[in-house]
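> First, the structure itself, so that you have it in front of you.
Residue numbers (this note's numbering): 74 to 385.
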């Protein structure tokens, strides 16, 4: 047979006394305990900690009370409640595509993307239900309207100006919703196959025209350079002739002065010297083995030598 453990008589008395003490304390201080628990609950309900990336909209009996910013905030417990927790981080709408017709009746498909953030949550939660859908619809209408004012070439060339205009118009449209549009982008402008083929033909024709113009300009420049070269050569030839003429004039002046000073003998000497130089040139020619000297040349040689002896 198993023996059951029984506490000693003094141990049973101690346990009973402790339980009686606890019950007595609870009975005597129950009101204080309930008050402490109520205070803790009130503090827990009154103190609200808002993250840095959010703002909380507080309502009192279904009506807007205030907006709580990041940090520790206090509200009236059991009366005020946080109705909306709104993120103030920048958001990006999904890329949207919409058809638009340009001023020159070209059908385009424009891909757009918009970035925005909520700056006044009390306006956003009470004035608009679906923010993303509302902004997408607004952007689509504005894009169609702005592209309809421009030709296709202007859309392609002035995309930055078009983006700035779209962003400004969207900001004006969503201002009453407490939203700030931070960026608006046109990602792509697509055309149908027929339009792309026509544009490619136009581009090829333009390239051919530019090539012809470039070739013509090159030929024109070559002619201008050739003319400039001929003009330069003519100028240099004229300068050389002028120098030779001046030299010839100087030589003639010297001869004339010598004739004036020495009389007829100086003239005969110059004539005889020229004849000698001419004969020397004839003898120096290629293939000339025999030189026939006229009698007049021999007489010229004699006159020249006689004049030289006379000068000596």
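For glycine and all other residues, C-beta sits at the position ideal for the given N, C-alpha and C.
Model, not experiment: these values are computed from the prediction.
1) Alpha carbon to alpha carbon, what distance is there between residue 222 and residue 244?
2) Rounded to the nearest angstrom, what separates residue 260 and residue 116 at their Cα positions?
3) Shorter than 6 Å, the distance from the beta carbon of residue 263 to the closest heavy atom of the ligand GDP, or not?
4) Please state if the CB of residue 120 and the CB of residue 195 are separated by a distance shorter than 7 Å.
5) Could you tell me the alpha carbon to alpha carbon distance between residue 262 and residue 184, rounded to whole angstroms?
6) Which residue wins for smallest C-alpha separation from residue 193, given the options 289, 162, 112?
7) Tell me the rounded alpha-carbon separation between residue 299 and residue 306.
8) Tell me the rounded alpha-carbon separation between residue 314 and residue 284.
9) In the DSSP assignment, find the beta strand (DSSP E) that holds residue 122 and state where it starts and stops.
10) Enumerate, from N- to C-terminal direction, the unbroken beta strand (DSSP E) stretches of 3 or more residues contained entirely within the stretch 99-185.
11) For residue 319, name the three-state secondary structure that DSSP assigns.
12) In terms of residue numbering, what span does the beta strand (DSSP E) encompassing residue 259 cover?
13) For residue 191, name the three-state secondary structure that DSSP assigns.
14) For the stretch 123-139 against the stretch 151-170, are there 3 or more C-beta pairs whose distance is under 8 Å?
15) Might you give, ordered along the chain, the residues of its own chain that have their beta carbon closer than 6 Å to the beta carbon of residue 139, omitting 5 neighbours on each side?
16) For the alpha helix (DSSP H) containing residue 71, list its first residue and its last residue.
17) If you draw a straight line from the C-alpha of residue 165 to the C-alpha of residue 148, how long is it?
18) Are there 16 or more other CB atoms within 10 angstroms of the CB of residue 173, so buried, or fewer, so exposed?
19) Rounded to whole angstroms, what is the Cα-Cα separation between residue 206 and residue 269?
20) Could you check what DSSP says for residue 201 in three-state terms: helix, strand or coil?
21) Quick check on the burial criterion: 16 or more other C-beta atoms within 10 angstroms. Buried or exposed for residue 303?
22) Looking at residue 250: is its Cβ nearer than 7 Å to the Cβ of residue 215?
23) Could you tell me the distance, in whole angstroms, from the CA atom of residue 181 to the CA atom of residue 229?
24) From residue 169 to residue 118, what distance separates their C-alpha atoms?
25) Identify, in the order they occur along the chain, each residue of the same chain with its Cβ nearer than 6 Å to the Cβ of residue 74, setting aside the five sequence neighbours on each side.
26) Who are the Cβ neighbours of residue 256 in its own chain at under 6 Å, not counting the five residues just before and after it?
27) Let's see if you can read the secondary structure: which residues bound the alpha helix (DSSP H) around residue 242?
28) Measuring straight from C-alpha to C-alpha, what distance separates residue 177 and residue 276?
Here's the rundown:
1) Each residue's Cα considered, the two are about 20 Å apart.
2) So the two alpha carbons sit approximately 52 Å from each other.
3) Ligands are entirely absent from the displayed structure, and the ligand GDP is therefore not among its contents.
4) Contact: no.
5) Pairing residue 262 with residue 184, the inter-Cα distance amounts to about 7 Å.
6) When only C-alpha atoms are compared, the closest one is 162.
7) In this structure, the straight-line span from the alpha carbon of residue 299 to that of residue 306 is close to 10 Å.
8) One C-alpha to the other measures close to 45 Å.
9) That run of the beta strand (DSSP E) goes 120-123.
10) DSSP assignment within the stretch 99-185 yields the following whole beta strand (DSSP E) runs of 3 residues or more, N-terminal first: 120-123, 127-133, 136-141, 144-147, 153-160, 169-174.
11) Residue state, collapsed to three classes: helix.
12) It spans 252-264 - the beta strand (DSSP E) in which residue 259 sits, taken as one unbroken run.
13) Strand at residue 191.
14) Touching, yes, given that three or more Cβ pairs across the two stretches are closer than 8 Å.
15) Excluding residues within five positions, the ones whose Cβ falls inside 6 Å are 131.
16) Lying before the first or after the last residue shown, residue 71 is absent from the chain, which here runs from 74 to 385.
17) Rounded to the nearest angstrom, the two C-alpha atoms are 33 Å apart.
18) Buried, since its Cβ has 16 or more Cβ neighbours within 10 Å.
19) Straight-line Cα distance between these residues: approximately 32 Å.
20) DSSP places residue 201 outside both helix and strand once states are collapsed to three, so it counts as coil.
21) Of the other Cβ atoms in all chains shown, fewer than 16 fall within 10 Å of the Cβ of residue 303; this residue is therefore exposed.
22) Taking a C-beta distance under 7 Å as the contact criterion, residue 250 and residue 215 do not qualify as a contact pair.
23) Approximately 11 Å, taken between the alpha carbons.
24) Distance between the alpha carbons of residue 169 and residue 118 is about 43 Å.
25) Confidence at residue 74 is low in this model, with a pLDDT of 44, below 50, so its placement is unreliable and no value can be given for it.
26) For residue 256, where only same-chain residues beyond five positions count, the Cβ hits under 6 Å are 188.
27) From DSSP, the alpha helix (DSSP H) with residue 242 extends over 232-247.
28) Spanning the two alpha carbons is a distance of roughly 18 Å.
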